[in-house]
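Asks: I have a structure here, written as structure tokens, and I will follow up with some questions on it.
Protein chains: 2
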Amino acid sequence: MESLETLLSVLRQNHLKITPQRRLILEILVDDASHPTVDQVYQQVITVMPNVSRTTVYNTLHELVALGVLIEVQDMGAGGGRYDTNASQHHHLLCTHCHTLLDIERDFPELELTPVEACGYRIARHQVTFYGVCPCCQQALASQEESI
Amino acid sequence: MESLETLLSVLRQNHLKITPQRRLILEILVDDASHPTVDQVYQQVITVMPNVSRTTVYNTLHELVALGVLIEVQDMGAGGGRYDTNASQHHHLLCTHCHTLLDIERDFPELELTPVEACGYRIARHQVTFYGVCPCCQQALASQEESI
DNA sequence: ATTCTACTTAGTAATTATTATAAACTGGGG
DNA sequence: CCCCAGTTTATAATAATTACTAAGTAGAAT
Chain Y
9 MESLETLLSV LRQNHLKITP QRRLILEILV DDASHPTVDQ VYQQVITVMP
59 NVSRTTVYNT LHELVALGVL IEVQDMGAGG GRYDTNASQH HHLLCTHCHT
109 LLDIERDFPE LELTPVEACG YRIARHQVTF YGVCPCCQQA LASQEESI
Chain Z
9 MESLETLLSV LRQNHLKITP QRRLILEILV DDASHPTVDQ VYQQVITVMP
59 NVSRTTVYNT LHELVALGVL IEVQDMGAGG GRYDTNASQH HHLLCTHCHT
109 LLDIERDFPE LELTPVEACG YRIARHQVTF YGVCPCCQQA LASQEESI
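Taken in sequence, the protein lines are chains Y and Z. Plus 8 on top of the position in the first sequence (first one is 1) and you've got our numbering. Plus 8 on top of the position in the second sequence (first one is 1) and you've got our numbering.
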């Protein structure tokens, strides 16, 4: 996880103004490791600055993704992307039933494509997602079976 | 890639009726390895059966995902999920600029989580996504640099 | 083959997610 | 302190998805 100051300096290096809105959004993201959706970020923003518009949240998140300090992760099933400040190599474990998403902090350095497989792509990073059913949903599904 | 008959038998096993609409959607998916969006599937459907509604396409795709014969892949940046019949272990190479998505047919069997890492999840599969810039976008970005 | 019924579909409307636009505002260099 | 390019806001438009219900039909039962 990057510190707030580090992220702000990335903005400065890219000639983006440090507005109160952007600062707040960054603070929220640094403090929230739960892969929030756009709307969840927005809801947190307006508890502090009630007049911030959704557009600003969208704009800021897109800018941060373009700068590489945020990544977008898929929440398969629920609409809308989710955002993650942790730009270091880490991976995900997703419940296919309730879409709970956990971070896997281990690295998998052995994952590399051969030049042939890469087809000329300049590869920047890779991410592994494990799909499964969380303990909670396993119980729910089991009791559903019984009732049939 | 599964055959059409295999997929139809999965529907039968799950007591889902084999309607002409569902059959057509499955035929299209089996023939189309390009990770189509919902709308791309819909557009192909209506060239054959013009009266099929978008609702039916959504319903069918969701049912097939629930049965595990389809997987949903993220197209980060463009709205809307994309679908893939290839339920076998395969992986993706995504251009972060134009969102072109290639399949990587190699397997990575060494990827396993320890029980501690899995946190009680019953893990069904895993998928690796490599992020990079495709040759085409590398050129475009290079010439953009020059013009600065 | 015919009938019956629960499942499925089509069409419309509603909801949610995202982007476009333009006028008003402001961070930070000079 | 002033200025202006970059930002924000509010509104509206567009796109994606879901809800709803009457009409239709696949497939089991007869």
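Built from N, CA and C at the ideal position, the CB exists for glycine as well.
Leaving out five residues on either side along the sequence, give the residues of the same chain with a beta carbon under 8 Å from the beta carbon of residue 100 of chain Y.
Replies: 81, 109, 110, 111, 112, 135, 136, 137 and 138, listed in sequence order.
Asks: Report all residues from its chain with a CB closer than 6 Å to the CB of residue 72 of chain Z; omit the five preceding and five following residues, and keep chain order.
Replies: So the list reads 78, once near-sequence residues are dropped.
Asks: At the level of alpha carbons, what is the spacing between residue 105 of chain Y and residue 150 of chain Y?
Replies: The straight-line gap from Cα to Cα measures roughly 13 Å.
Asks: Please classify residue 140 of chain Y as buried or exposed, where buried requires at least 16 neighbouring CB atoms within 10 angstroms.
Replies: Residue 140 of chain Y is buried by the Cβ-count criterion.
Asks: Taking the CB atoms as reference points, tell me whether residue 115 of chain Z and residue 43 of chain Z lie closer together than 8 Å.
Replies: No. Outside cutoff.
Asks: Checking contacts by CB at 8 Å: is residue 141 of chain Y closer than that to chain Z?
Replies: Residue 141 of chain Y counts as touching chain Z.
Asks: For residue 20 of chain Z and chain Y, any beta-carbon pair shorter than 8 Å?
Replies: Not closer than 8 Å to any Cβ of chain Y, the Cβ of residue 20 of chain Z fails to qualify, so no.
Asks: Tell me the DSSP bridge mates of residue 47 of chain Y?
Replies: DSSP lists no partner for residue 47 of chain Y.
Asks: As a quick exercise: from Z:75, Z:40 and Z:54, pick the residue whose alpha carbon is nearest that of residue 23 of chain Z.
Replies: It is Z:75 whose Cα lies nearest to the Cα of residue 23 of chain Z.
Asks: Considering just the uninterrupted stretch of the beta strand (DSSP E) at residue 91 of chain Z, what are its terminal residues?
Replies: Residue 91 of chain Z -> beta strand (DSSP E) spans 90–92.
Asks: By the 10 Å Cβ neighbour count, where 16 or more other Cβ atoms means buried, how is residue 129 of chain Y classified, buried or exposed?
Replies: Buried, since its Cβ has 16 or more Cβ neighbours within 10 Å.
Asks: Have a look at residue 118 of chain Z and residue 120 of chain Y and give me their C-alpha separation to the nearest angstrom.
Replies: So the two alpha carbons sit approximately 13 Å from each other.
Asks: One question on the structure: do residue 15 of chain Y and residue 38 of chain Y come within less than 8 Å of each other, judged by their Cβ atoms?
Replies: Going by C-beta atoms, residue 15 of chain Y is nearer than 8 Å to residue 38 of chain Y.
Asks: Tell me, please, whether the CB atom of residue 147 of chain Z is closer than 8 Å to any CB atom in chain Y?
Replies: Not closer than 8 Å to any Cβ of chain Y, the Cβ of residue 147 of chain Z fails to qualify, so no.
Asks: Starting from the C-beta of residue 36 of chain Z, find all residues in its chain whose C-beta is less than 7 Å away, skip the five residues before and the five after it, and write them out in chain order.
Replies: Result list for residue 36 of chain Z: 49, 52 and 53, in chain order.
Asks: Provide the residue span of the beta strand (DSSP E) that contains residue 132 of chain Z, from first to last.
Replies: Residues 130–141.
Asks: Would you tell me roughly how many angstroms separate the C-alpha atoms of residue 56 of chain Z and residue 33 of chain Z, rounded to the nearest one?
Replies: Going from the Cα of residue 56 of chain Z to the Cα of residue 33 of chain Z covers about 10 Å.
Asks: Which chain Z residues are close to residue 62 of chain Y, counting only those with a beta carbon under 9 Å from its beta carbon?
Replies: By Cβ distance, chain Z contributes nothing, its closest Cβ being about 15 Å from residue 62 of chain Y, past 9 Å.
Asks: Applying the criterion that 16 or more other CB atoms from any shown protein chain within 10 Å of the CB defines a buried residue, is residue 103 of chain Y buried or exposed?
Replies: With 16 or more Cβ atoms within 10 Å of its Cβ, residue 103 of chain Y is classed as buried.
Asks: Under 8 Å between C-beta atoms, does residue 41 of chain Y make it to chain Z?
Replies: Residue 41 of chain Y does not count as touching chain Z.
Asks: Is it true that the CB of residue 30 of chain Z sits closer than 8 Å to the CB of residue 12 of chain Z?
Replies: Taking 8 Å as the Cβ cut-off, residue 12 of chain Z and residue 30 of chain Z do not qualify as a contacting pair.
Asks: Can you have a look at residue 142 of chain Z and say buried or exposed, based on whether 16 or more other CB atoms are within 10 angstroms of its CB?
Replies: By the neighbour-count rule (16 or more Cβ atoms within 10 Å), residue 142 of chain Z is buried.
Asks: Against residue 118 of chain Y, what residues of chain Z qualify as contacts under a CB-to-CB distance less than 7 Å, listed in chain order?
Replies: The contacting residues are 118.
Asks: If you follow the alpha helix (DSSP H) that residue 71 of chain Y is part of, which residue opens it and which one closes it?
Replies: Unbroken alpha helix (DSSP H) run through residue 71 of chain Y: 62–75.
Asks: What number of angstroms, rounded off, separates the C-alpha of residue 98 of chain Z from the C-alpha of residue 133 of chain Z?
Replies: Whole-angstrom Cα-Cα distance: 10 Å.
Asks: Among Y:25, Y:61 and Y:90, which has the Cα closest to the Cα of residue 40 of chain Y?
Replies: Here the closest residue by C-alpha is Y:90.
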